[in-house]
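Student: Protein chains in written order, with my numbering: chain L, 90 to 274; chain X, 2 to 150.
Note that the Cβ used here is the ideal one computed from N, Cα and C, for glycine as well.
This is the structure I have questions about; it appears just below.
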Amino acid sequence: MDIKVISAITPSPTPVMLDDRDTALVTEIQTGLPLSVTPYADVGRQVGMSEAEVIKRLERLLQQRVIKRLGVVVRHHELGYRANAMTVWNIPDEIVSELGSCIGRFEFVTLCYRRPRRLPDWPYNLFTMIHGRDRDEVLSNIQLLAQRCGLASIQYEILFSKRRFKQRGAIYTTSRVAPQAVRQG
Amino acid sequence: MDAIDRDIINTLQSGFPICERPYAEAAAALGIEEAELLQRLKQLLADNKLSRFGPMYQAEKLGGAFSLAAMQVPEEEYDNVAQVVNSYPEVAHNYQREHAFNMWFVLATETPQRVDEVNADIARRTGLPVFNMPKLKEYYVGLRLTAES
């Protein structure tokens with residue numbers, strides 16, 4: 090049998106051009122900011138920049154969305170969100186953006202992505218991640234979504250997680266900045 | 002975790018100041034002292050309540066790629082297949098889920114091509130098809146989990 094990868098089109102948006110100093114900065118803080126009174130000055134000392142230069146570059150990297158945000162990165166499970174359901178929806182292409190935007194506005198929806206269908210095995214094109222303290226809370230949130238966004242006639246499935254094998258922290262390689270483990274693909 | 006810890010987590014999920022004394026500025030907004038904020042962040046990290054304090058990058062802007070991939074793995078082969086998949090440093094997460102598609106993993110790679118290489122390699126080594134499901138559009142960016150008591 091010819092074992093293959095089912096469609097392998099991985100989108101590649103145009104990367105932002107970073108100079109060597111940006112790369113040094115991004116690499117230096119990838120595992121976290123110093124927990125010190127003047128973290129940006131301390132980072133600057135490590136990479137040979139003034140505090141002002143670090144601040145200026147970080148502001149630009151945020152503006153360019155290279156850095157999505159600065160702040161705390163939480164662990165769901167340890168915060169008491171023990172149920173984690175990926176809910177997938179089969180939404181007609183012409184209304185998927187409208188419904189995706191509606192779903193993405195709810196506070197309990199932590200991710201809302203459009204992905205390709207893999208017919209005939211996989212008909213779903215909208216993926217939402219819903220965390221909750223338990224299954225009942227997740228299920229009632231999904232009911233609420235269905236009502237508020239008009240999803241009553243939309244086919245969907247809920248995939249609860251059973252085991253988490255791996256959740257790594259930031260891993261960057263040296264030569265260039267490798268993708269950060271942000272949260273979801 | 003007490004009310005102040007929860008306030009810190011809820012507030013600092015949406016941003017952190019870029020200025021000379023950012024912890025002082027953030028602490029003032031939270032109504033606590035700079036030293037207390039630093040101490041509490043250290044403790045939350047040590048207790049594993051937080052995985053990190055710092056930047057969240059958008060991999061695609063750095064030339065890298067993310068992708069979600071799924072497999073339908075027979076129960077008796079599950080642990081062996083998981084071992085193969087988890088052996089790749091590019092695999093950032095791997096979850097077992099209750100579905101015929103029961104293995105879901107996220108690849109974080111330096112280049113888009115590498116996603117396809119790793120998936121092909123996993124398919125070859127396990128003898129099972131790998132369904133690549135890259136993100137086409139994101140309808141929501143933030144992460145707003147509320148830490149409550």
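1. Under 8 Å, do Leu-46(X) and Tyr-24(X) count as touching if we go by C-beta distance?
2. Taking the C-alpha atoms as reference points, what is the distance between Ser-229(L) and Glu-91(X)?
3. If I measure Cβ to Cβ from Leu-188(L) and keep anything under 8 Å in the same chain, skipping five residues before and after, which residues do I get?
4. Measure the beta-carbon distance from Val-126(L) to Arg-22(X) and round it to whole angstroms, keeping in mind my assumption that it falls under 8 Å.
5. What is the DSSP secondary structure of Cys-201(L), counted as helix, strand or coil?
6. Go through its chain and collect everything with a Cβ distance to Ala-174(L)'s Cβ below 6 Å, but skip five positions before and after it.
7. Are there 16 or more other CB atoms within 10 angstroms of the CB of Asn-49(X), so buried, or fewer, so exposed?
8. Mind checking Gly-221(L): buried by the 16 CB within 10 Å criterion, or exposed?
9. Residues of the region 7 to 40 of chain X in Cβ contact with chain L at a cutoff of 8 Å, in chain order, please.
10. Going along the chain, which residues of its own chain have a beta-carbon closer than 6 Å to the beta-carbon of Cys-201(L), five neighbours each way excluded?
11. Would you please verify whether the beta carbon of Thr-176(L) is less than 8 Å from any beta carbon of chain X?
12. I need the straight-line Cα distance from Thr-127(X) to Val-74(X), nearest angstrom please.
13. Among Tyr-170(L), Tyr-245(L), Arg-207(L), Pro-209(L), which has the Cα closest to the Cα of Asp-225(L)?
14. Put Lys-138(X) into one of helix, strand or coil per three-state DSSP.
15. Are Ala-71(X) and Phe-102(X) touching if we call contact CB-CB under 8 Å?
16. Name, please, each residue of chain X whose Cβ falls closer than 9 Å to the Cβ of Glu-246(L).
17. Measure from the C-beta of Glu-76(X) to each C-beta in chain L and report whether the shortest distance is under 8 Å.
18. Indicate whether Thr-12(X) and Ala-30(X) have their beta-carbon atoms separated by less than 8 Å.
19. State the start and end residues of the unbroken alpha helix (DSSP H) segment that holds Lys-145(L).
20. Please check if any C-beta of chain L sits within less than 8 Å of the C-beta of Asn-95(X).
21. Using a C-beta cutoff of 8 Å, does Asn-87(X) count as contacting chain L?
22. Look up Ala-71(X) in the DSSP assignment and give the residues it is bridged to.
23. The alpha helix (DSSP H) with Val-92(X) in it runs from where to where?
24. Using a Cβ-Cβ cutoff of less than 8 Å, which residues in the same chain neighbour Val-124(X) once the five nearest sequence positions on both sides are dropped?
25. Work out the CA separation of Asp-108(L) and Ala-285(L) for me, nearest whole Å.
26. Could you compute how far the alpha carbon of Glu-61(X) sits from the alpha carbon of Glu-26(X)?
27. Quick check on DSSP: helix, strand or coil for Asn-11(X)?
28. Pop quiz: Val-119(X) and Tyr-89(X) are said to be a contact at Cβ under 8 Å. What is the actual Cβ separation, rounded to whole angstroms?
29. What is the rounded straight-line gap between the Cα of Arg-164(L) and the Cα of Val-105(L)?
30. Please classify Ser-88(X): does DSSP put it in a helix, a strand, or coil?
31. Going by beta carbon distance, what residues of the same chain come within less than 6 Å of Pro-212(L), once the five residues before and after it are set aside?
Tutor: The answer reads as follows:
1. no
2. 35 Å
3. Taken in chain order, the residues that qualify are Trp-178, Ile-180, Leu-215, Cys-238, Gly-239, Leu-240, Ile-243.
4. 7 Å between Cβ atoms; contact.
5. strand
6. Ile-219, Val-227, Ile-247, Phe-249
7. Asn-49(X) counts as exposed, since fewer than 16 other C-beta atoms from the protein chains shown sit within 10 angstroms of its C-beta.
8. By the neighbour-count rule (16 or more Cβ atoms within 10 Å), Gly-221(L) is buried.
9. Ile-9, Ile-10, Leu-13, Gln-14, Ser-15, Gly-16, Phe-17, Ile-19, Cys-20, Glu-21, Arg-22, Pro-23, Tyr-24, Ala-25, Glu-35, Leu-39
10. Gly-189, Ile-192, Gly-193, Thr-217
11. no
12. 9 Å
13. With distances taken between Cα atoms, Asp-225(L) lies closest to Tyr-170(L).
14. strand
15. yes
16. His-100
17. Taking Cβ atoms only, chain L never reaches closer than 8 Å to Glu-76(X), which makes this a no.
18. When the beta-carbon positions are compared, Thr-12(X) and Ala-30(X) come within less than 8 Å of each other.
19. 140 to 152
20. yes
21. yes
22. Trp-105(X), Phe-132(X)
23. Counting along the chain, Val-92(X) falls outside any alpha helix (DSSP H), though it belongs to the beta strand (DSSP E) covering 92 to 98.
24. The sequence shown places Ala at residue 124(X), rather than the Val named in the question. Cβ neighbours of Ala-124(X) beyond the five flanking positions: Pro-130, Val-131.
25. No information on residue 285(L) is available, as it lies outside the stretch 90 to 274 that chain L covers here.
26. Those two C-alpha atoms are separated by around 31 Å.
27. Asn-11(X) falls in the helix class under three-state DSSP.
28. That pair is a contact at about 6 Å.
29. Between Arg-164(L) and Val-105(L), the alpha-carbon positions lie close to 29 Å from each other.
30. coil
31. Asn-179, Arg-206
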